[in-house]
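Just so we're aligned, residue 0 is where the first sequence starts under numbering that gives the first Met the number 0, counting upward by one. Just so you know, even glycine gets a beta-carbon here, dropped at the ideal spot from N, CA and C. Remarks on the structure that follows.
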Amino acid sequence: MLSEQELIRRESLQKLIDYGINPYPAQEFNRSHFSSEIKENFNEGEKVIIAGRLLRRKIQGKASFGVIQDSKGKIQVYFNRDTICPDENKDQYNTVFKKWLDLGDFLGIEGVVFKTMVGEITVEVQKFHLLSKALKPLPMPKVDKDGNIHDAFNDPELRYRRRYVDLVVNEQVKDTFVKRSKIMSSMRNFLNAKGYLEVETPILQPIPGGAAARPFITHHNSLDIPLYLRIANELYLKRLIVGGFEGVFEFAKDFRNEGMDRTHNPEFTQMEIYVAYKDYKWMMNFTEEMLETICLEVLGTTEVSIGDNKVNFKRPFKRISMLDAIKEHTGHDLSSMNESQIRAVCKELGVEVNETMGKGKLIDEIFGEKCESSYIQPTFITDYPVEMSPLCKKHRDNPELTERFELMVNGKELANAYSELNDPIDQKERFEEQVKLAEKGDDEAMFIDHDFVRALEYGMPPTSGMGIGIDRLVMFLCNQPSIQEVLFFPQMKPESKSASKKLELTENEQIIYDIISKRKLMDLVELKDLCGLSNKQWDKGIKSLGKQNITKVVKTDTGLTVEYIQ
RNA sequence: GAUUCGUUAGCUCAGCUGGUAGAGCACAUCCCUUUUAAGGAUGGGGUCCUGGGUUCGAACCCCAGACGAAUCACCA
0 MLSEQELIRR
10 ESLQKLIDYG
20 INPYPAQEFN
30 RSHFSSEIKE
40 NFNEGEKVII
50 AGRLLRRKIQ
60 GKASFGVIQD
70 SKGKIQVYFN
80 RDTICPDENK
90 DQYNTVFKKW
100 LDLGDFLGIE
110 GVVFKTMVGE
120 ITVEVQKFHL
130 LSKALKPLPM
140 PKVDKDGNIH
150 DAFNDPELRY
160 RRRYVDLVVN
170 EQVKDTFVKR
180 SKIMSSMRNF
190 LNAKGYLEVE
200 TPILQPIPGG
210 AAARPFITHH
220 NSLDIPLYLR
230 IANELYLKRL
240 IVGGFEGVFE
250 FAKDFRNEGM
260 DRTHNPEFTQ
270 MEIYVAYKDY
280 KWMMNFTEEM
290 LETICLEVLG
300 TTEVSIGDNK
310 VNFKRPFKRI
320 SMLDAIKEHT
330 GHDLSSMNES
340 QIRAVCKELG
350 VEVNETMGKG
360 KLIDEIFGEK
370 CESSYIQPTF
380 ITDYPVEMSP
390 LCKKHRDNPE
400 LTERFELMVN
410 GKELANAYSE
420 LNDPIDQKER
430 FEEQVKLAEK
440 GDDEAMFIDH
450 DFVRALEYGM
460 PPTSGMGIGI
470 DRLVMFLCNQ
480 PSIQEVLFFP
490 QMKPESKSAS
500 KKLELTENEQ
510 IIYDIISKRK
520 LMDLVELKDL
530 CGLSNKQWDK
540 GIKSLGKQNI
550 TKVVKTDTGL
560 TVEYIQ
């Protein structure tokens, strides 16, 4: 069902066509300037050709002001009837411009730059060309002198579902995505400059490996096998290190079939990098250098506001081992405790645990509950328990720990890195432990990837690998509280199809219709009784019939009568 | 998954104790030649999220459902 405004626009469209104007012309439109160039280099009297969307229009008789928005911003345009129509025929202004154009249409404009009396840089239109007609009205937010936004288009659901509209009317949304793109190219440039190779590895994987997560599953018809959408690309990148590359990285879309909230989308982007002959200590230096460089390139500063916090990405970042972090925050030194002692600590601290958790998992729980959220400034948490990290080398000094770090920022994990496990026999055993977990019902335990073990058997040099969540990094650097704000098209439930046409009468309407269409005219109360419907059903039915112009309720001296309209 | 709040015109939102739905912007008609969110006059526009129920009467009360947001839980 079209709204009145949409119907009017379709009529205007037809009138334009009848008048001989093609509302969707094919040919290229050559511009001389972007809006920003005109404003940055004001040059009174300069002839310019611009193009964009008509976003505001104020008609005041023979003159009108408008605003054209192009990809670089907005600029005011001035339409004067006698400039546009120097001859007798004033159609171009009076009819084409005033009556048949609408807000949202794309126009090409040839004109001259000047400043209005109020001092705003403006293009006086000499000729305008319709480049594309818009049939739906855009929301029209306005900003007043005090910076208040009126009629803001700010319903998150509508904004995400119609991101194209969001981008047109909310400039700051565009800024976020421009920044996202800059962050990614800055990171890519940094990695390329270090001499590492950007690669692409399979998204459809027969064995989803490299992380603990539930995968999406699909099916390949001609092979007749299940395939999984990748949850990580770690195992493939490490195969490439086996193959002899010095360093490889990939910006990877990963997919995890888990809950959605403001920090989790089913598909998200991770950058993973693996560098031969390095360890996790080297990777810490590398990571902080990369992040500092990106901040300076994209923001011009290492200082970032994230919510109420000020975060500084200036090197060096704080480093602390997980056990030291726990000691610092709880006063408990777990380093020499056994499992039952740690379990007692959990109880004392009020950390919820269950019987299936081993020593490592207990330590991880304590850290997650008591420490994680307090690391606002970038901090490397190092040396995780071995059970939590089946792809990571055991610590050189302590076999219960691994050479692993996570980078915490604003109380959240941003990056995760290892000295990669390259002992094939150890790797196979760790996989087998995961299988035992799976048999116990852990639906996130890893599958055994025999080919990956085989690759390690051919020999992988010592390697350090790191994964960094791009969406989360963008959230931090753009100070956005939700992942949906940094994804163009966040996953959403499908729109309901309740808009399905209701041309036919409902059951209740049909009952009323059957009676009144034979009698043509009758008393309302009598009709209602004859129908035998409940009050609500009657009320809805008769109102709906009235709206569809099938019946009409007429008030008379004696009461109400219902009339059937042919 | 739990709790709370919300869903009314194209957009942003009012709508009291239940009594036939309102405003601003946008739209339409007319007037207006340099305006700064908003010039003037007039007018049109509604599945009050959906379905039931209570009631003489429901946008409003009750039940069920859909969708969304926030918080929490779970999860990287």
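Residue i: first and last residue of the uninterrupted alpha helix (DSSP H) it sits in
i, result
"residue 186", "170 to 192"
"residue 285", "279 to 297"
"residue 121", "From DSSP, residue 121 is part of no alpha helix (DSSP H) but of the beta strand (DSSP E) over 120 to 131."
"residue 11", "3 to 18"
"residue 455", "449 to 456"
Contacting residues, own chain, Cβ-Cβ under 6 Å from residue i (five flanking each side not counted)
i, result
"residue 210", "230 and 231"
"residue 387", "359 and 363"
"residue 266", "252 and 254"
"residue 502", "Here the model assigns residue 502 a pLDDT of 37, short of 50, so the residue's position is not dependable, and the following value carries that caveat. Once the five neighbours on either side are set aside, residue 502 has no close Cβ partner at all."
"residue 282", "416, 463 and 465"
"residue 565", "Interpretation of residue 565 is limited by its pLDDT of 47, a score under 50 that renders its predicted location unreliable; no figure is taken from the coordinates."
"residue 320", "381 and 382"
"residue 201", "none"
Beta strand (DSSP E) segment containing residue i, residue limits
i, result
"residue 434", "Looking at the DSSP string, residue 434 is not in any beta strand (DSSP E); the run it does join, the alpha helix (DSSP H), is 423 to 438."
"residue 64", "62 to 69"
"residue 474", "It is not in any beta strand (DSSP E) - residue 474 instead sits in the alpha helix (DSSP H) that spans 469 to 477."
"residue 273", "266 to 275"
"residue 250", "246 to 254"
"residue 161", "Looking at the DSSP string, residue 161 is not in any beta strand (DSSP E), and its letter there is neither H nor E."
"residue 420", "Per DSSP, residue 420 belongs to no beta strand (DSSP E) and is neither H nor E."
"residue 404", "403 to 408"
Contacting residues, own chain, Cβ-Cβ under 7 Å from residue i (five flanking each side not counted)
i, result
"residue 312", "290, 291, 294, 301, 303 and 377"
"residue 488", "162"
"residue 498", "A caution first: residue 498 carries a pLDDT of 33, below 50, which makes its placement in the model unreliable, though a value can still be read off. So no residue of the chain qualifies."
"residue 5", "134 and 135"
"residue 342", "352 and 361"
"residue 485", "175, 179, 470, 473, 474, 477 and 479"
"residue 309", "302"
"residue 347", "none"
Presumed contact (8 Å Cβ cut-off) between residue i and residue j, rounded CB distance
i, j, result
"residue 401", "residue 383", "5 Å"
"residue 133", "residue 101", "6 Å"
"residue 207", "residue 130", "Contact flag wrong, Cβ pair sits at about 47 Å."
"residue 380", "residue 414", "So it is not a contact: roughly 11 Å between Cβ atoms."
"residue 477", "residue 178", "5 Å"
"residue 196", "residue 246", "7 Å"
"residue 236", "residue 271", "6 Å"
"residue 214", "residue 234", "So it is not a contact: roughly 13 Å between Cβ atoms."
"residue 330", "residue 372", "Not really, about 18 Å apart at Cβ, beyond 8 Å."
"residue 74", "residue 53", "That belief does not hold up - the Cβ atoms of residue 74 and residue 53 are roughly 12 Å apart, past 8 Å."
"residue 205", "residue 239", "The Cβ separation is near 18 Å, so there is no contact."
"residue 264", "residue 490", "6 Å"
Close Cβ partners of residue i (< 8 Å) along its chain, the five nearest in sequence each way excluded
i, result
"residue 83", "91, 92, 96, 124, 125, 126 and 127"
"residue 149", "140, 141, 142 and 143"
"residue 114", "41, 43, 120 and 121"
"residue 452", "423, 426, 427 and 430"
"residue 1", "9"
"residue 248", "190, 195, 196, 197, 198, 236, 270, 271, 272 and 273"
- Query: Does the region 252 to 265 touch the region 451 to 459, meaning 3 or more C-beta pairs lie closer than 8 Å?
  - Reply: Here the region 451 to 459 does not lie against the region 252 to 265, with fewer than 3 beta-carbon pairs under 8 Å apart.
- Taking one C-beta from the region 47 to 56 and one from the region 108 to 122 each time, how about it: are there three or more such pairs within less than 8 Å? By the Cβ test, the region 47 to 56 is in contact with the region 108 to 122, since at least three Cβ pairs between them sit closer than 8 Å.
- Can you check the region 190 to 235 for any beta strand (DSSP E) of at least 3 residues that lies completely inside it and give the ranges in chain order? 216 to 219 and 224 to 228
- Item | Contact the region 150 to 158 vs the region 123 to 142: 3+ CB pairs below 8 Å | yes
- Mind listing, in chain order, the continuous alpha helix (DSSP H) runs of no fewer than 4 residues lying wholly within the region 306 to 393? 321 to 329, 338 to 348 and 358 to 369
- Message: Does the region 30 to 43 come into contact with the region 6 to 21, if we say contact requires no fewer than three beta-carbon pairs (one atom in each stretch) closer than 8 Å?
- Response: no
- Item | the region 479 to 495 / the region 271 to 280 touching (three or more Cβ pairs under 8 Å) | no
- Message: As an exercise, report each continuous alpha helix (DSSP H) stretch of at least 4 residues that is fully enclosed by the region 33 to 116, in chain order.
- Response: 34 to 39 and 80 to 83
- Item | Inter-stretch contact at 8 Å, needing at least 3 Cβ pairs: the region 388 to 398 / the region 425 to 439 | Short answer: they touch.
- Three or more C-beta pairs below 8 Å linking the region 470 to 488 and the region 438 to 448: no
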